[in-house]
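Worksheet: one structure, shown below.
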Amino acid sequence: MRTWGFAIIGCGMIAEFHIRALNDIPNTKLVAVSSRQEQKAKTIGEREQCSWTTNYHELLANPEVDIVIVATSSGSHASIGFDALRAGKHLVIEKPMAMTGDEARELIRLAEDKRLLLSVISQRRFEEPFQIVKLTLQDGRLGKLLLVEVTSPYYRTQAYYDSAEWRGTISQDGGALMNQGIHIIDVMLWLAGEVNHVVAKTATQAHRMEAEDLGLALIHFRNGAYGTLMASTSTKPGFLPTINLYGELGTIKIEGQEIKHWTVPGMEIPRYETSASEVGVSDPKSISHTYHQKQFMDVIHALETGVKPYVTGVDGLRAIAFIEAVYQSSASGTQITL
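In our numbering, the protein residues as written are 41 to 378.
What follows is the structure in structure tokens.
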């Protein structure tokens, strides 16, 4: 069995989840880590017994590195991703893969030109209830999809946004949509399909920050279904995200990682084991690494078999394009067609 060499650029909070995930996969090796903050890189490097550097270009030159994980601040994802691909490394990039759709498209084109894998972290797709619901929808058991309700009622303190200069900025972080809400938005698009048009409003209500802490959207999907979205970081103390799916034949409601309502003809409510987690509703550290592990295992499977990864660069672009449409609709007061 081949051992795949991983490197992580960025040694902040989320990198710790990636490290735990990799440590639980037998045929992976953490080769190197990089951070602009020397002490962070050194601490992780010595603990994990891997090389460390403050210059990620040194890491990219290491021939033992097959796959690079970009886990830096959001605004630097695309530029570092370009460098990783140009260095011939397969790329796993934290959400959002870029801050604009144009940057995301360029990343996709470069990966295709270099014939390298590009996957965007969207670990929630790997959660058991969403896997079950995806298959149920594919089998047509809900009939025609009529309505989708999505909420992301998170809470972040002002101290969270004050903890780094880039937090809450439009160019380097984004707000309730581009940062926290993008996970459930990706799941929504994955389950309900492409969007036709959107009417939306964003606001900054409860924080001193440049980006939004509230996003609201009325959505029309190409399959004819309608949808509503609410994403916030002001809903104290923070609540579990929800997705409700209403079809002609039945209804499924999910809260966090639990199926709360299941009326699907001919099917009892599914039983499954899950990794209990608050999914970061009030504390970004309160998530499990289990689903990151599953995504990394899928990336390895894709490389070993030649199939596409479960979450592609195009998937990452789709979520960004939707959020951009929400911003455009809010700014213009008009309906935006995707």
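All C-beta atoms in this analysis are idealised placements derived from N, C-alpha and C, irrespective of residue type, glycine included.
- Listed in chain order, the non-local C-beta contacts of E295 below 7 Å within the same chain comprise L280 and T282, local neighbours out to five positions each way being set aside.
- Boundaries of the alpha helix (DSSP H) harbouring E86: E78 to E88, taken from the DSSP string.
- Around the C-beta of Q198, fewer than 16 other C-beta atoms lie within 10 Å, and the residue is accordingly described as exposed.
- Here Y96 carries a helix assignment [DSSP, helix/strand/coil].
- In terms of CA proximity to R155, G346 leads the group Q335, E134, G346 and L177.
- Distances from the alpha-carbon of G255 to those of R181, W92, T191 and T303 put T191 closest.
- Per DSSP, the beta-bridge partners of E295 are T282 and E298.
- DSSP places H329 outside both helix and strand once states are collapsed to three, so it counts as coil.
- The residue among R311, L343 and D355 with its C-alpha nearest the C-alpha of Q297 is R311.
- By the C-beta criterion, the region 176–186 is judged not to be in contact with the region 246–254, since fewer than 3 inter-stretch pairs fall below 8 Å.
- Between the region 102–119 and the region 193–210 there are three or more inter-stretch CB-CB distances shorter than 8 Å, so the stretches are counted as touching.
- Take R60, set aside five residues on each side of it, and the residues of its chain with a beta-carbon closer than 6 Å to its own are H329, in chain order.
- Here A101 is exposed. Its C-beta has fewer than 16 other C-beta atoms within 10 Å.
- The closest CA to that of V160, considering only P169, I172, Q171 and R145, is found on R145.
- Inter-residue distance for L285 and E189 is about 7 Å (C-alpha atoms, whole angstroms).
- By the neighbour-count definition (other C-beta atoms within 10 Å, threshold 16), G45 is a buried residue.
- Remark: C-beta atoms of K276 and Y195 approach each other more closely than 8 Å.
- Here L131 is near L158, since their CB atoms are less than 8 Å apart.
- Secondary structure at V105: coil, using DSSP grouped into helix, strand and coil.
- Taking a contact as a CB-CB distance under 8 Å, the pair I376 and A359 does not count as one, their CB atoms being some 15 Å apart.
- Beta-bridge partners assigned by DSSP to F46: L70 and I107.
- Secondary structure note for V190: its beta strand (DSSP E) is the uninterrupted segment L185 to P193.
- Taking 8 Å as the cut-off, the Cβ atoms of G287 and G183 count as close.
- In the displayed model, V239 falls within a strand according to three-state DSSP.
- Leaving aside the five residues that flank F122 on each side, the residues in its chain whose CB is nearer than 8 Å to its CB run, in chain order, E146, L147 and L150.
- Y367 sits in a helix when the DSSP states are folded into three classes.
- L289 carries a coil assignment under DSSP once its states are collapsed to helix, strand and coil.
- T377 is bridged by DSSP to H237.
- By the Cβ neighbour-count rule, P349 is buried, with 16 or more other Cβ atoms within 10 Å of its own.
- The DSSP-derived three-state label of H58 is helix.
- Beta-bridge partners assigned by DSSP to G267: V188 and I259.
- Per DSSP, reduced to three states, the secondary structure at I133 is strand.
- By DSSP's assignment, L158 forms a beta bridge with L131.
- Contact annotation, M139 with G52: C-beta distance approximately 17 Å; criterion of less than 8 Å not satisfied.
- Cβ-Cβ distances below 8 Å link G306 to R181 in the same chain, with the five nearest sequence neighbours on each side left out; the list follows chain order.
- Under the DSSP assignment, E250 falls outside any alpha helix (DSSP H); it carries neither an H nor an E label.
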